[in-house]
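Novice: Each number in this note's numbering comes from the position in the sequence shown (counting from 1) with 1 added on.
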Amino acid sequence: MATVTRQIKDLRTPIICVMGHVDHGKTSMLDKIRGTTVTDIEAGEITQHIGATEVPLYTIESLCKGVLPGNIEVPGLLFIDTPGHHAFTTLRSRGGALSDLAVLVIDIIDGFQPQTDEALKILKQYKTPFIIAANKIDRIPGWRVNPSFSFTKTFESQPDNVKNALDNRIYDLAGKLSAYGFSADRYDRIRDFTRTIGIVPISARTGEGIPDLLMVLVGLAQKFLEKNLKLHVTGPGVGTVLEVKEDKGLGYSIDTIIYDGEIRTGDTIVIGGKEKPIVTKVRALLKPMPNRELRIVEKFDHVDRVTASAGVKILASDLDKAMAGSHLRVAREGMLNALIKEIESEIERAKIVTDETGIIVKADTIGSLEAIVSELRSLKIPIAQAEVGDISKKDIIEAETINDPLHRVVLGFNVKLLPDAKEHMLESDVRIFNRNVIYRLIDDYADWEETQKKLAEKKKMMEIVRPGRIKYLVNCTFRQSKPAVIGVQVQGGCIKPGNVLIKPDGSKVGVIKEIQERNENISFAKKGKEVAISLDGPVAGRQIHEGEVYYVDIPESHCKVLEFQLKDVLSQDELETLIEFLSIKRKDDHFWGK
Ligand code: GDP
2 MATVTRQIKD
12 LRTPIICVMG
22 HVDHGKTSML
32 DKIRGTTVTD
42 IEAGEITQHI
52 GATEVPLYTI
62 ESLCKGVLPG
72 NIEVPGLLFI
82 DTPGHHAFTT
92 LRSRGGALSD
102 LAVLVIDIID
112 GFQPQTDEAL
122 KILKQYKTPF
132 IIAANKIDRI
142 PGWRVNPSFS
152 FTKTFESQPD
162 NVKNALDNRI
172 YDLAGKLSAY
182 GFSADRYDRI
192 RDFTRTIGIV
202 PISARTGEGI
212 PDLLMVLVGL
222 AQKFLEKNLK
232 LHVTGPGVGT
242 VLEVKEDKGL
252 GYSIDTIIYD
262 GEIRTGDTIV
272 IGGKEKPIVT
282 KVRALLKPMP
292 NRELRIVEKF
302 DHVDRVTASA
312 GVKILASDLD
322 KAMAGSHLRV
332 AREGMLNALI
342 KEIESEIERA
352 KIVTDETGII
362 VKADTIGSLE
372 AIVSELRSLK
382 IPIAQAEVGD
392 ISKKDIIEAE
402 TINDPLHRVV
412 LGFNVKLLPD
422 AKEHMLESDV
432 RIFNRNVIYR
442 LIDDYADWEE
452 TQKKLAEKKK
462 MMEIVRPGRI
472 KYLVNCTFRQ
482 SKPAVIGVQV
492 QGGCIKPGNV
502 LIKPDGSKVG
512 VIKEIQERNE
522 NISFAKKGKE
532 VAISLDGPVA
542 GRQIHEGEVY
552 YVDIPESHCK
562 VLEFQLKDVL
572 SQDELETLIE
582 FLSIKRKDDH
592 FWGK
């Protein structure tokens, strides 16, 4: 094949990071390029991990049907599919740092969305060159589909109004990009891709524009990144661990991206472990078939040597404690000690600072753990422990020691609930949330926390004496004493049997025994009601007189709760009554109830 003869330089495969708002079509675009359907198997249809797809140059050539320039020497493109939800900022930053180029996918109909902005900020921060894939052009009203056509060809065949509609949307995108200081234009109108960001209109559904996208990427990589790509494809390999897996028959293995140098079977490698660096020997290197994603592929090629950049599965002993998200380094002669030190300090840096008390978080990779932790931090949820690994009995026991019932919680992301944990869970009041979509995990926990808080508030409210003000109505003395029965109007808040009443001068009136409305006993009476109450204590006409106003006497400790914790749930008239009551109590003692 022509490609083979073209590859005369030892250039490594450029790493391309795919970013964009959820649902804008990242997965569909990669599917189209590699011809598989990952979308179907994604949990919650959101890409959770960095997956990697190697697209060899011959695939690109066949997709580009001869439009590829003749000077291409990069061996292909390695796509990293980073997740799209905002919770994944950390993972994305890793992708951003790792990648040579990025494709920012934007739904041309939906336009800029929060994660589009976020991705742009990251790209700017890492100074990663990128292009825009303006996706879903087939949704432009009146679009005539020409499956798999290059953009220029399919564009030619569109009616004028459709052409204009597309261009208007491209102008819109360019306008938004200029707010970030980027100048951008439709790719086929650009001369200098170092100054202007190329917008490639595509449809991940019909394949239109995909050849153009690959052509621009390969061209950009070849032209502007040659210096970066001339890495040491023969030097000792450096990579990132994407995932630690236990495969049937294979034991533990790690899925990695080698982004520099080479790795061979028999090489000694150093990897970040959960407690300390792991030093082990490569038993086998398995490469997914080209165009297949590392994560979902069943069939592999055994190879002796892999050069950057590539996704490769590594088999070796002691990988069970390897930590996803950590670095991997090949140790050649005399390098081992220095590399161990380097990985040690990396493990130290990756340790998440936790709070004295809070919830427990378990996740499958450093990246997802960091993403969850940063999300929880932004919600101001304290974290007592954050670790990579399955949920064990130890975690639940640990959570049981937490004082606040709202934090007696274990959040698990993409991990297993170990059998002993399952058993222990049944007799424990610890709440476990185990999900495989980060935002769902956090939303579910936040919802639960909210409900629990409301329930606790309700319980507190039931127990707390609430403010109330009544007026002893004129001509409404029904019985003078033992108990006195009088007619009252509730002017603020509410009254209940058992409430102690006081006068505005602070003196005690008595205790409400019963409340009656139309000769029926009722359990409370709210503002506006006119009811009869029986009072233990006073004699009507002596201690109490028609026309007087009384307040419910609230214990000092209850006042504190009302004023400082439940103020938001009090109605306006309850709040006003509370303020009046407090001013009675604070007339002589300014700090009463504070
Ligand atoms: P991701 O979250 O960015 O990976 O987005 P997906 O690839 O999962 O796509 C989200 C939805 O948009 C899916 O229902 C896709 O079928 C649909 N979609 C993606 N690309 C296109 C496109 O070019 N045209 C149309 N009409 N729909 C698309």
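The C-beta atom is built at its ideal place from N, Cα and C for all residues, glycine as well.
All of these numbers come straight from a predicted model, not from anything done at the bench.
Identify every residue that forms a DSSP beta bridge with H328.
Specialist: T241.
Novice: Let's see if you can read the secondary structure: which residues bound the alpha helix (DSSP H) around G220?
Specialist: 211 to 225 is the extent of the alpha helix (DSSP H) around G220.
Novice: What alpha helix (DSSP H) runs, 4 residues minimum, are completely inside the segment 330 to 360?
Specialist: Runs of the alpha helix (DSSP H) inside the segment 330 to 360: 337 to 351.
Novice: Under DSSP, the beta strand (DSSP E) around T452 begins and ends at which residues?
Specialist: Premise fails: T452 lies in the alpha helix (DSSP H), 439 to 464, not in any beta strand (DSSP E).
Novice: Are at least three pairs of beta-carbons, each pair with one atom in the segment 442 to 461 and one in the segment 508 to 518, less than 8 Å apart?
Specialist: No, they do not touch.
Novice: Could you check the C-alpha separation between S158 and R145 for me, to the nearest Å?
Specialist: Going from the Cα of S158 to the Cα of R145 covers about 8 Å.
Novice: Given a threshold of 16 other Cβ atoms within 10 Å of its Cβ, counted over all protein chains shown, does S393 qualify as buried or as exposed?
Specialist: S393 should be labelled buried.
Novice: Going by C-alpha to C-alpha distance, which of L31, F592, V313, V431 sits closest to T246?
Specialist: As written in the sequence, residue 246 is Lys, which differs from the Thr given in the question. When each option's Cα is compared against that of K246, the closest is V313.
Novice: For I203, I'd like the list of residues in its chain whose CB is within less than 8 Å of its CB, leaving aside the five on either flank, ordered along the chain.
Specialist: If we look at I203 and ignore the five residues flanking it on each side, its Cβ neighbours are M30, A134, A135, N136, I138, F152, E209, G210, I211, D213, L214.
Novice: For K164, which residues from the same chain have a beta carbon less than 7 Å from its beta carbon, with the 5 sequence-adjacent residues on both sides left out?
Specialist: If we look at K164 and ignore the five residues flanking it on each side, its Cβ neighbours are F156.
Novice: Any heavy atom of ligand 1 closer than 6 Å to the CB of G26?
Specialist: Under cutoff, so the answer is yes.
Novice: Please confirm whether T195 and D186 have their CB atoms less than 7 Å apart.
Specialist: The answer is no: Cβ separation not under 7 Å.
Novice: Relative to the C-alpha of S524, which residue among S327, N500, Q544, K504 is closest?
Specialist: The option with the nearest alpha carbon to S524 is N500.
Novice: Fully enclosed by the segment 94 to 140, which beta strand (DSSP E) runs are 3 residues long or longer?
Specialist: For the segment 94 to 140, whole beta strand (DSSP E) runs of length 3 or above, ordered along the chain, are 102 to 108, 131 to 136.
Novice: Return the residue from the list E577, K395, F434, E428 that minimises the CA-CA distance to I373.
Specialist: Answer by Cα proximity: F434.
Novice: Taking C-beta to C-beta, are G413 and I367 nearer than 7 Å?
Specialist: No, these two residues do not count as a Cβ contact at 7 Å.
Novice: Suppose the cutoff is 6 Å on Cβ atoms and the five residues either side in sequence are ignored; what does the same chain contact list for G199 look like?
Specialist: Counting only Cβ-Cβ distances below 6 Å, and skipping sequence neighbours, we find I132, Y188, I191, V217.
Novice: For V19 and K122, what's the separation of their Cα atoms in angstroms?
Specialist: Distance between the alpha carbons of V19 and K122: 14 Å.
Novice: Would you call R436 buried or exposed, if buried means 16 or more other Cβ atoms sit within 10 Å of its Cβ?
Specialist: Label assigned to R436: buried.
Novice: What's the gap between the Cα of E371 and the Cα of E347?
Specialist: Going by the C-alpha atoms only, they are around 14 Å apart.
Novice: Verify the contact flag: S204, CB atom, against every heavy atom of ligand 1, threshold strictly below 6 Å.
Specialist: Checking the Cβ of S204 against ligand 1 gives yes.
Novice: Hey, quick one: how far does the beta strand (DSSP E) through G21 stretch, first residue to last?
Specialist: Residues 16 to 21.
Novice: Helix, strand or coil for E263? Go by DSSP, reduced to three states.
Specialist: Note: E263 maps to strand in three-state DSSP.
Novice: Would you tell me roughly how many angstroms separate the C-alpha atoms of R269 and A447, rounded to the nearest one?
Specialist: Reading the sequence as shown, one finds Thr at residue 269 and not Arg. For T269 and A447, the distance between alpha carbons rounds to 45 Å.
Novice: Under 8 Å: do the segment 556 to 571 and the segment 537 to 544 share three or more Cβ pairs, one atom per stretch?
Specialist: Counting Cβ pairs under 8 Å, fewer than three are found: no touch.
Novice: Quick check on DSSP: helix, strand or coil for L92?
Specialist: For L92, the predicted structure reports a pLDDT of 40, less than 50, and the residue's modelled location is therefore unreliable. A value from the coordinates is still provided. Of the three classes helix, strand and coil, the one that applies to L92 here is helix, per DSSP.
Novice: How is K228 classed by DSSP in three states: helix, strand or coil?
Specialist: Helix.
Novice: Are three or more beta carbon pairs between the segment 382 to 393 and the segment 336 to 345 nearer than 8 Å?
Specialist: Contact fails: fewer than three Cβ-Cβ distances are below 8 Å.
Novice: What's the call for G250, buried or exposed, on a 16-neighbour Cβ count within 10 Å?
Specialist: By the neighbour-count rule (16 or more Cβ atoms within 10 Å), G250 is not buried but exposed.
Novice: I'd like to know whether the C-beta atoms of I315 and V283 end up nearer to each other than 7 Å.
Specialist: Yes. Within cutoff.
Novice: Any idea if E43 is buried or exposed, counting beta-carbon neighbours within 10 angstroms, 16 or more meaning buried?
Specialist: Residue placement at E43 is poorly supported in this model, since its pLDDT is 42, which falls under 50; the coordinates are not used for a value here.
Novice: By Cβ distance, which residues of its chain are closer than 6 Å to K497, with the 5 residues on each side in sequence left out?
Specialist: Cβ neighbours of K497 beyond the five flanking positions: F525.
Novice: Tell me which same chain residues have a C-beta within less than 6 Å of the C-beta of G238, skipping the five on either side of it?
Specialist: So the qualifying residues of the chain are I259, G262, E263, I264, V331.
Novice: In the DSSP assignment, what residue or residues form a beta bridge with L286?
Specialist: For L286, which the question treats as bridged, DSSP gives the partners V304, I315.
Novice: Taking M463 and V570 to be in contact with their CB atoms under 8 Å, please state how far apart those CB atoms are, rounded to whole angstroms.
Specialist: No, M463 and V570 are not in contact; Cβ-Cβ is about 12 Å, not under 8 Å.
Novice: Take I73 as the anchor and find which of F80, V307, Y59, L102 has the nearest alpha-carbon.
Specialist: With distances taken between Cα atoms, I73 lies closest to Y59.
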